[in-house]
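In what follows, a structure is listed as structure tokens, so that the remarks can point back to it.
There are 2 protein chains.
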Amino acid sequence: MFNLKTFRSTTGVAALSLTLLSPSLLASQSSTQIRNTPTPIGVSSTMATIIENRQVSNSEVKAPDSTKAWLEVQQQLNSEFSKLALKAAESLPVSYQKKTIAGVDTFVVTPDKIDPRYADHYFMHLHGGAFVFGGEEAALREAIWMANGLNVKVISVDYRKPPLHPFPAAIDDAVAVWKEITRQQPANNTVLFGTSAGGNLTLATTLRLKELGLELPGALFAGTPATDLAHTSDSWHTLKGLDPLGSREGLIQGTFEIYVPSSDFNNPLVSPIYGDLSGFPPTLLISGTRDLLLSDTVRMHRALRAAEVTADLHIYDGQSHGDYMMGLFYDLPESDDALAELGSFFDTHLN
Amino acid sequence: MFNLKTFRSTTGVAALSLTLLSPSLLASQSSTQIRNTPTPIGVSSTMATIIENRQVSNSEVKAPDSTKAWLEVQQQLNSEFSKLALKAAESLPVSYQKKTIAGVDTFVVTPDKIDPRYADHYFMHLHGGAFVFGGEEAALREAIWMANGLNVKVISVDYRKPPLHPFPAAIDDAVAVWKEITRQQPANNTVLFGTSAGGNLTLATTLRLKELGLELPGALFAGTPATDLAHTSDSWHTLKGLDPLGSREGLIQGTFEIYVPSSDFNNPLVSPIYGDLSGFPPTLLISGTRDLLLSDTVRMHRALRAAEVTADLHIYDGQSHGDYMMGLFYDLPESDDALAELGSFFDTHLN
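Written out as structure tokens, the structure reads:
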């Protein structure tokens, strides 16, 4: 049986992982950090406090066992994450509006202050959440982080999701929005980005654009992307018990299975690590030394480099899945640092 | 009591780590891999075989307890590692000769085929081995790897070491040789490189050149460098039991203590992570997801980036400390890949 309380305490399945749930909620959970490790030396005092107070377990959480059960969990988590997103939207100098683009639900996030170079310009965002979660207003979290951090307008795609809309609905939606955005601004001056499942979709959508012969983005940001849904990369094993994301077995594997009912996990549009990456745009990847998707990230970096793609890798000491984005809620130097790297990378590579 | 058999089986203290000892020798050891982890997905079949056959333990090995005992172990390991180096020298199209430069022992390694761009040109190498080991002909291992891999002549410095010559003798020797080399060729066209303790010395020597107001190298390669001797970085804890290097406690800490008898581990020339890195040359760093010095490496990368230094990070999935260099003895795609990255980096950044 699916147990939301255990789920909350042992996984962080959404884009930013459940580490972004409120501390009071986390404090109510019973699981504890199973690996007895000192606080990392190479982190800020804020990050150290986050790590010291987080709940980590590697116990397996069962996936919901029916479409109805999936929909209930999806709705409940969307609601919780949306509250966090709205809190961020209120506390930061940004505004947002819903907009239907090419028939797809999106959010347009506008910072109060816009970088003049990006005045008539949008970045395109694909949110995370294990392909199933993180939609509706919850999608705003990373979009706000980027919009506020780089003073750029962001269009975040609330793509269709399982259980009702499996692969390739999300990619079809992303392509449709991409076509519309690039009618208004040059593709090679447009960033496509996302974290976790959003990192997967960023890479997969770019592969799909290649297949369709469409113009590619000017640069990509793939944050701790899930790049291999067919095989379990090493860091899922080696870092178990250190990352609040928990465990791939059970629920997370379940999200992959309802995302790809055909189980064709070797399809490059499902697992971009297996794709033909030649001609890919410059790509920035971020992970952490306690990130269960560290191996997925560094394998993707090597695959891009093997295809002679410009690809920069940044690994934060002690960070778990998506931690760099915690600057949305904390004054976090590592988050500012990541935004500085992103800004510098886009300055260099956008047309 | 110091036990060489246990030491061999549980640590990999030298530049290339003891993983480069012969498989037959490793097979004779009794320790086993303590963390029950599947073979990493993201490695070549050769690397997979190496990982599957390696002996890993995290048990602490006591350091020798007298100068005499240190000297005996030093000589014994130098002898063993030198045999490996000579085997590589015989099997690969390179030659070498001893040469005293500025009063310092060095080896000049010359590949049969020299890249025309480097015809009158040397790279400068500082070998690894926890500051104590890896000298004499053992120093040739990484020098041969680079010379053969990039078709470039390499001067490898057999710097003075503890227990007889603690810090800063090694750096003084490196600076003396650097001055002599850069009398013959432009500094900004000269690479300085090393792995492990050699990576530390590469960074520390560059800091010292800055202090002295001397010209800096055109580019650095710091392979899985020990950058923080004052504090134990996170991956020493989180990856324990996965890396044949073993454990920092005991012997490795002992090498740090005889390298710096004053225990001033916060001195930036001892722990370059604490140095003023502004104006540093472009630096390439390599580590692996099972490398006990992963955190030391990524922390250094962030410190360089914070100082606005061009710094590229490459992390190999599943690799432990210095594994990329195993191409010296195996047909290893990851090793070829690392050499390709190094060649490309130097092409871009050397004058």
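Going down the list, the protein sequences come from chains A and B.
When the first sequence is numbered by full-length UniProt numbering, its final residue is 351 and no position is left out of the sequence of numbers.
When the second sequence is numbered by full-length UniProt numbering, its final residue is 351 and no position is left out of the sequence of numbers.
Glycine residues also receive a C-beta, built at the ideal position from the N, C-alpha and C atoms.
Treat the numbers as computed from the prediction; the structure is a model and nothing was measured.
State the DSSP-derived secondary structure class of residue i, mapped to helix, strand or coil.
| i | result |
| --- | --- |
| residue 353 of chain A | The requested residue 353 of chain A does not occur in the structure, where chain A is confined to residues 1 to 351. |
| residue 32 of chain B | Caution is warranted here: a pLDDT of 47 is assigned to residue 32 of chain B, below 50, making its placement in the model unreliable, and no coordinate value can be reported. |
| residue 320 of chain A | coil |
| residue 87 of chain A | helix |
| residue 255 of chain B | helix |
| residue 335 of chain B | helix |
| residue 179 of chain A | helix |
| residue 311 of chain A | strand |
| residue 155 of chain B | strand |
| residue 222 of chain A | strand |
| residue 298 of chain A | helix |
| residue 245 of chain A | coil |
| residue 37 of chain A | coil |
| residue 227 of chain B | coil |
| residue 358 of chain A | Limits of chain A in this structure are 1 at one end and 351 at the other, which puts residue 358 of chain A out of reach. |
| residue 361 of chain B | Shown here, chain B extends from 1 to 351; a query on residue 361 of chain B therefore has no answer. |
| residue 116 of chain A | helix |
| residue 193 of chain B | strand |
| residue 164 of chain A | coil |
| residue 232 of chain B | coil |
| residue 105 of chain A | strand |
| residue 263 of chain A | coil |
| residue 121 of chain A | coil |
| residue 239 of chain B | coil |
| residue 126 of chain B | strand |
Does residue i have its Cβ less than 7 Å from a Cβ in chain A?
| i | result |
| --- | --- |
| residue 281 of chain B | no |
| residue 233 of chain B | yes |
| residue 42 of chain B | yes |
So with Cβ pairs under 7 Å, would you call residue i a contact of chain B?
| i | result |
| --- | --- |
| residue 298 of chain A | yes |
| residue 268 of chain A | no |
| residue 349 of chain A | no |
| residue 67 of chain A | no |
| residue 37 of chain A | yes |
| residue 289 of chain A | yes |
Report the residue from the options whose alpha carbon sits nearest the alpha carbon of residue i.
| i | options | result |
| --- | --- | --- |
| residue 63 of chain B | B:252, B:74, B:151 | B:252 |
| residue 329 of chain B | B:342, B:142, B:113 | B:142 |
| residue 50 of chain B | B:194, B:331, B:60 | B:331 |
| residue 44 of chain B | B:105, B:336, B:342, B:111 | B:336 |
| residue 250 of chain A | A:351, A:222, A:61, A:206 | A:61 |
| residue 52 of chain B | B:39, B:58, B:97 | B:39 |
| residue 244 of chain B | B:319, B:157, B:70 | B:319 |
| residue 258 of chain B | B:84, B:81, B:165, B:77 | B:165 |
| residue 279 of chain A | A:194, A:188, A:193, A:78 | A:188 |
| residue 211 of chain B | B:160, B:172, B:102 | B:172 |
| residue 208 of chain A | A:276, A:266, A:246, A:185 | A:276 |
| residue 233 of chain B | B:248, B:222, B:242 | B:248 |
| residue 77 of chain B | B:67, B:136, B:156, B:169 | B:136 |
| residue 327 of chain A | A:58, A:88, A:83, A:184 | A:88 |
| residue 179 of chain A | A:316, A:139, A:333, A:103 | A:103 |
| residue 36 of chain A | B:273, B:239, B:184 | B:239 |
| residue 237 of chain B | B:59, B:271, B:260, B:54 | B:59 |
| residue 227 of chain B | B:255, B:235, B:220, B:273 | B:273 |
| residue 256 of chain A | A:115, A:168, A:308 | A:168 |
| residue 349 of chain B | B:128, B:116, B:192, B:129 | B:192 |
Would the C-beta of residue i count as close to the ligand NAP, meaning under 6 Å from any of its heavy atoms?
| i | result |
| --- | --- |
| residue 203 of chain B | This structure simply doesn't include the ligand NAP, nor any ligand for that matter. |
Would you verify that the beta carbon of residue i is, or is not, closer than 7 Å to some beta carbon of chain C?
| i | result |
| --- | --- |
| residue 281 of chain A | Within the model displayed, chain C is absent; protein chains A and B are what it includes. |
Query - Continuous beta strand (DSSP E) assignments of at least 3 residues falling wholly in the stretch 268-293 of chain B - result: 283-288
Query raised in the report: For the stretch 292-321 of chain B, which residues have a CB atom closer than 8 Å to at least one CB atom of chain A, in sequence order?
Result: 294, 295, 298, 299, 301, 302, 305, 306, 312, 313, 314, 315, 316, 317, 318
Query raised in the report: Of the residues that make up the stretch 219-231 of chain A, which ones have a beta carbon closer than 8 Å to any beta carbon in chain B?
Result: 228, 231
Query - Ordered list of beta strand (DSSP E) runs contained in the stretch 45-82 of chain B, each at least 3 residues - result: none
Report task. Could you list the residues in the stretch 333-344 of chain A with a C-beta less than 8 Å from some C-beta on chain B, going in chain order? Result -> 337, 341
Requested in this report: Using a Cβ-Cβ cut-off of less than 8 Å, give me the residues of the stretch 231-265 of chain A that come near chain B, in sequence order.
Outcome: 231, 232, 233, 234, 235, 237, 238, 239, 242
Report task. Taking a Cβ distance cut-off of 9 Å, strictly less, list which residues of the stretch 52-66 of chain B are near chain A, in chain order. Result -> none
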